[in-house]
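As numbered in numbering that gives the first Met the number 0, residues 0 to 482 make up the sequence shown, in order.
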Amino acid sequence: MSKAGHGAGVPDFKHQAAAAVANRRLQEIFDRATRQKDDGRRAILPELGDPLAVRELAARIKDHTLENLDRYLEQFVGQVRGRGGQVHFAADGDQAKAVIVDIARRASAKLIVKSKSMVSEEIELNHDLEAAGFEVLETDLGEYILQLAGEKPSHIVTPVAHKSREDVGRLFAEKLGIEYTSDPPALTMVARRVLREKFRTADLGIIGANFAVAETGTVCIVTNEGNGRYCSSRPRVLICLMGLEKLLPRMADLPVFLKLLGKSATGQRITCYTSLITGPKRAGDFDGPEEFHVVLMDNRRSAVLGSDYMPTLRCIRCGACLNACPVYRKIGGHAYEATYPGPIGKVITPLLNSLEVYEHLPQASSLCGACLDACPVRIDIPTHLIHLRQELVRRGRSPLTFRLGFKGWRLGMSSRWLYRWGAMQARWFMWLISRNGWCRWMPSTGGVWTQYRDLPVMPARPFRVRWAALQKELESEDGGDAR
Ligand code: SF4
0 MSKAGHGAGV PDFKHQAAAA VANRRLQEIF DRATRQKDDG RRAILPELGD
50 PLAVRELAAR IKDHTLENLD RYLEQFVGQV RGRGGQVHFA ADGDQAKAVI
100 VDIARRASAK LIVKSKSMVS EEIELNHDLE AAGFEVLETD LGEYILQLAG
150 EKPSHIVTPV AHKSREDVGR LFAEKLGIEY TSDPPALTMV ARRVLREKFR
200 TADLGIIGAN FAVAETGTVC IVTNEGNGRY CSSRPRVLIC LMGLEKLLPR
250 MADLPVFLKL LGKSATGQRI TCYTSLITGP KRAGDFDGPE EFHVVLMDNR
300 RSAVLGSDYM PTLRCIRCGA CLNACPVYRK IGGHAYEATY PGPIGKVITP
350 LLNSLEVYEH LPQASSLCGA CLDACPVRID IPTHLIHLRQ ELVRRGRSPL
400 TFRLGFKGWR LGMSSRWLYR WGAMQARWFM WLISRNGWCR WMPSTGGVWT
450 QYRDLPVMPA RPFRVRWAAL QKELESEDGG DAR
């Protein structure tokens, strides 16, 4: 995806975003998809009675868990092991993938079915599993479509948000050899037939975790298609790959988040299927895995823990901030060239990867606050973005023109005469290059603004002069009245 001229693997956000903005069809698809979910969220949240109070409660539960993560991790691990499960720790993505490949080999697995998991996208798990010779099948409909298309998700909840049903119809006709149709129920039935057969023959299931309960060692997954339930109950071996931050202290905390997740993600009262998995199959159980493994992955989360950015670990990956974000709505998810797009992605991608490599992301925001307004766990994304920008300046990563511009601005703002002189020069210059009161072109850095927007010329009489004239006028009126 990187533009020629950029180093291999170096994100090229500016050009990707410009290409997305120029793609009218893509914008229509995203605009419709995100608005629908955002409207749904707004409409259903009042059912909570006092939505703000519930969201603040959720934030407090998450903060408490993160502040005591060592204790809750120990409790969770003890509970999983006590119920016959196995726990593996992975410092990073490579370790997590090595552990999972090893479990799959020892289980002599051939076919692996996967439920949707952003954390597996984060470490590109499928790539390593396939390289090790396993057949891997994504079973979430959106992820299955992407797997067929060889593409990456463009949204953390609805990964195929960038495709229309006509796109899916053409893809199924090409890859599955069916007759073209764009009828969603017909397309779903085709995918269902393929997936059902695979569920029956899979040796190993891989799931993520929406939440994990320390008190009982339970992993909770929610889906709208029931595929997570198949993945977790049918194969002989089950692996749950989860980030450290997914823990909740008690089972009693879970409903708070289940109520918020469905509403915030898709405007549903609650997600259709909620599965709670506590250890492997026990004697007398109708179904369930014989082996249950939990892979607890850090991947730089512990570096965020205890830092100013710790509240970002509250994130429940609901996607509400994406749906509310005016930037995401315009450019979609692929332009970010990161696993986590949108507002939360702009913060956690630099934190979990490298601020230098993703230095463009914290800048790609108008700081309008729509993400904070939408977030069910009250993550103050705009403030985190400002802090990341400050960090970039501290590390000397801001462009020379930017630094010189702000130095000049500071100088001008601290001297009345310099400010007036600068404003007069700017006014003259704008008159020179303007037509009908608008500047449609600017040289140098100013061109970044006029590339997408016109700039009105500065008024002939500055505010200061008009204000003084108005005051004089009022004073003379008062004088007249007094007479
Ligand atoms: S930051 Fe908030 S709104 Fe965005 S995905 Fe995470 S929980 Fe949802």
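Cβ atoms here follow ideal geometry from the backbone N, Cα and C, with glycine treated the same way. A quick note: this is a predicted structure, and the numbers were derived from the prediction, not measured.
Straight-line Cα distance separating residue j from residue i
i, j, result
"S1", "A208", "In this prediction, S1 has a pLDDT of 42, which is less than 50 and means its spatial position is unreliable; what the coordinates show is noted afterwards. Between S1 and A208, the C-alpha separation is close to 31 Å."
"G266", "R40", "4 Å"
"L417", "R426", "14 Å"
"R281", "G84", "11 Å"
"R402", "C367", "24 Å"
"A3", "I380", "Confidence at A3 is low in this model, with a pLDDT of 36, below 50, so the placement of that residue should be treated as unreliable; the coordinate-derived value is given next. Their Cα atoms are separated by approximately 32 Å."
"L110", "R23", "40 Å"
"G341", "A58", "20 Å"
"I378", "C314", "8 Å"
"V120", "V159", "Rather than Val, the amino acid found at residue 120 in this sequence is Glu. One C-alpha to the other measures close to 14 Å."
"A468", "S443", "36 Å"
"Y357", "P398", "15 Å"
"L257", "V392", "40 Å"
"V303", "V98", "24 Å"
"E474", "G404", "40 Å"
"D38", "L47", "16 Å"
"Q389", "A17", "25 Å"
"W466", "W408", "23 Å"
"N322", "A108", "39 Å"
Other residues of its chain near residue i: CB distance less than 6 Å, five sequence neighbours each side excluded
i, result
"Q470", "none"
"I347", "T311 and Y339"
"L237", "G204, S231, P288 and F291"
"Y335", "G344"
"R299", "L351"
"Y229", "F198"
"L44", "P50 and K262"
"V118", "G207, L240 and G242"
"T180", "G168"
"L68", "none"
Beta bridge counterpart(s) of residue i as assigned by DSSP
i, result
"W437", "R434 and P455"
"K113", "E137 and I205"
"F210", "C219"
"T273", "V221"
"Q85", "H292"
"M241", "L295"
"L247", "V212"
"V118", "For V118, which the question treats as bridged, DSSP gives no partner whatsoever."
"V236", "L203 and E290"
Proximity test, residue i beta-carbon vs the ligand SAM heavy atom, cut-off 7 Å
i, result
"S364", "The ligand content of the structure shown is limited to the ligand SF4, which means the ligand SAM is not among them."
Contact check, residue i vs residue j, beta carbons under 8 Å
i, j, result
"G332", "H126", "no"
"L260", "F75", "no"
"I122", "K96", "yes"
"V218", "A211", "yes"
"L170", "I144", "yes"
"D297", "A90", "yes"
"I330", "V20", "yes"
"L136", "K113", "yes"
"G318", "V156", "yes"
"K36", "V376", "no"
"C374", "C324", "no"
"A103", "F133", "yes"
"L25", "E244", "no"
"P184", "Y71", "no"
"T270", "L194", "no"
"L295", "F88", "yes"
"L56", "V255", "yes"
Own chain, CB closer than 7 Å to residue i, minus 5 neighbours either side, in chain order
i, result
"K345", "L360, P361, A363, S364 and L384"
"A190", "L140 and Y143"
"L387", "V346, P349, L354 and P361"
"L147", "L170 and K174"
"V167", "I144 and L186"
"G436", "P455 and V456"
"T438", "In the sequence as presented, Thr is not what sits at residue 438; that position holds Cys. Hits under 7 Å: M429, I432, T449, D453, L454 and V456."
"R328", "F29, D30 and T33"
"P461", "A422"
"W420", "none"
Cβ shell of residue i (< 8 Å), same chain only, five flanking positions each side left out
i, result
"T215", "Q78, M250 and T277"
"W440", "I432, G446 and T449"
"A106", "D202, L203, R235, V236 and E290"
"G6", "Legend: pLDDT at G6 = 44, less than 50; position of this residue unreliable, value from coordinates given subsequently. For G6, where only same-chain residues beyond five positions count, there are no Cβ hits under 8 Å."
"H63", "P248"
"G225", "C271 and Y272"
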